[in-house]
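S.K.: Please find one structure pasted underneath; my questions will follow.
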Amino acid sequence: EPEVTQTPSHQVTQMGQEVILRCVPISNHLYFYWYRQILGQKVEFLVSFYNNEISEKSEIFDDQFSVERPDGSNFTLKIRSTKLEDSAMYFCASSGTAVPLHFGNGTRLTVT
Amino acid sequence: SQQGEEDPQALSIQEGENATMNCSYKTSINNLQWYRQNSGRGLVHLILIRSNEREKHSGRLRVTLDTSKKSSSLLITASRAADTASYFCAQGSNFGNEKLTFGTGTRLTIIP
Numbered sequence: 365e366p367e368v369t370q371t372p373s374h375q376v377t378q379m380g381q382e383v384i385l386r387c388v389p390i391s392n393h394l395y396f397y398w399y400r401q402i403l404g405q406k407v408e409f410l411v412s413f414y415n416n417e418i419s420e421k422s423e424i425f426d427d428q429f430s431v432e433r434p435d436g437s438n439f440t441l442k443i444r445s446t447k448l449e450d451s452a453m454y455f456c457a458s459s460g461t462a463v464p465l466h467f468g469n470g471t472r473l474t475v476t
Numbered sequence: 126s127q128q129g130e131e132d133p134q135a136l137s138i139q140e141g142e143n144a145t146m147n148c149s150y151k152t153s154i155n156n157l158q159w160y161r162q163n164s165g166r167g168l169v170h171l172i173l174i175r176s177n178e179r180e181k182h183s184g185r186l187r188v189t190l191d192t193s194k195k196s197s198s199l200l201i202t203a204s205r206a207a208d209t210a211s212y213f214c215a216q217g218s219n220f221g222n223e224k225l226t227f228g229t230g231t232r233l234t235i236i237p
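If you read the protein sequences in the order shown, they are chains A and B. In case it helps, the working numbering puts the first sequence at residues 365 to 476. In case it helps, the working numbering puts the second sequence at residues 126 to 237.
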């Protein structure tokens with residue numbers, strides 16, 4: 365069964381550094397998402413992406429965040445200058461014309 | 126209570142028993158979905174119930190929805206050790222471009 369893959373599984377970075385989290389969504393899906401889960405807290409919506417542009421974003425998704433689908437298969441989340449509070453599990457998801465969302469196994473981002 | 130809260134927060138039962146988890150929400154929904162998360166892994170979609178449905182079954186899962194009380198329940202019958210996981214309800218706002226609002230989750234432990 366096709367699945368969403370995310371790399372790396374764990375990323376450690378220093379505060380102020382840029383990170384890029386990578387995702388390969390399911391190939392025939394049209395909608396792409398990033399969610400995050402701070403340890404012990406709810407899974408939170410960050411951004412949705414459709415037709416090569418952001419369709420919706422949350423308050424969390426400020427100017428430090430950006431998303432890109434550079435080559436028609438990868439979907440990336442960039443955090444420009446990481447903060448300690450960005451430490452979380454970041455989940456990529458994709459969906460077709462209907463739900464449900466298919467989630468990857470996540471990238472654990474640790475900012476030191 | 127906060128939007129999208131599951132109850133109980135944690136539940137331990139003997140293998141073979143039934144497990145019931147409840148979810149409350151505040152705003153109107155298009156659909157309500159339940160996801161499972163094994164430790165350190167991504168979320169896996171279990172079942173979706175639309176706002177005009179009251180009950181839905183899938184294998185050992187039974188979901189009910191009461192829009193007048195803004196609540197849903199997930200019943201897992203004849204539990205197995207492999208059902209040990211966290212279970213989340215998620216409010217769906219739209220089909221396609223799905224921004225999900227997750228609850229706090231119920232940590233289910235099945236004792237062999």
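All C-beta atoms, glycine included, are put in the ideal place defined by N, C-alpha and C.
Closest to B:ASP191 by CA distance: which of B:ILE174, B:PRO237, B:ILE201, B:ALA206 is it?
M.R.: B:ILE174
S.K.: Inspect the CB distances between the region 213-232 of chain B and the region 153-170 of chain B and report whether three or more fall short of 8 Å.
M.R.: yes
S.K.: How far does the beta strand (DSSP E) with B:LYS181 in it extend, from its first residue to its last?
M.R.: Annotation for B:LYS181: the continuous beta strand (DSSP E) segment containing it runs 180-183.
S.K.: Beta-carbon within less than 8 Å of A:PHE467's beta-carbon, same chain only, minus the 5 sequence neighbours each way: which residues are those?
M.R.: VAL368, TYR399, PHE455, CYS456, ALA457
S.K.: Nearest chain C C-beta to A:GLU420 closer than 8 Å, yes or no?
M.R.: Among the protein chains of the structure shown, namely A and B, there is no chain C.
S.K.: Quick check on A:LYS447 - is its C-beta less than 8 Å from some C-beta in chain B?
M.R.: Answer no: the Cβ-Cβ gap between A:LYS447 and chain B never drops below 8 Å.
S.K.: Quick check on A:ASP450: buried or exposed, where buried means 16 or more other Cβ atoms within 10 Å of its Cβ?
M.R.: Buried.
S.K.: How would you label B:THR229, buried or exposed, when you count the other beta carbons within 10 angstroms and need 16 or more for buried?
M.R.: buried
S.K.: Can the beta-carbon of B:TYR150 be found less than 8 Å from the beta-carbon of B:LYS195?
M.R.: yes
S.K.: With a 10 Å radius around its C-beta and 16 neighbouring C-beta atoms as the bar for buried, classify A:GLU365 as buried or exposed.
M.R.: exposed
S.K.: Determine the extent of the beta strand (DSSP E) in which B:ARG187 is found, giving its start and end residues.
M.R.: 186-191
S.K.: Could you spell out where the beta strand (DSSP E) holding B:ASP132 opens and where it closes?
M.R.: 130-132
S.K.: Can you grab the Cα-Cα spacing for the pair A:PRO434 / B:SER176, in whole Å?
M.R.: 37 Å
S.K.: Quick check on the burial criterion: 16 or more other C-beta atoms within 10 angstroms. Buried or exposed for A:ILE384?
M.R.: exposed
S.K.: What is the rounded straight-line gap between the Cα of B:ILE235 and the Cα of A:GLN370?
M.R.: For B:ILE235 and A:GLN370, the distance between alpha carbons rounds to 29 Å.
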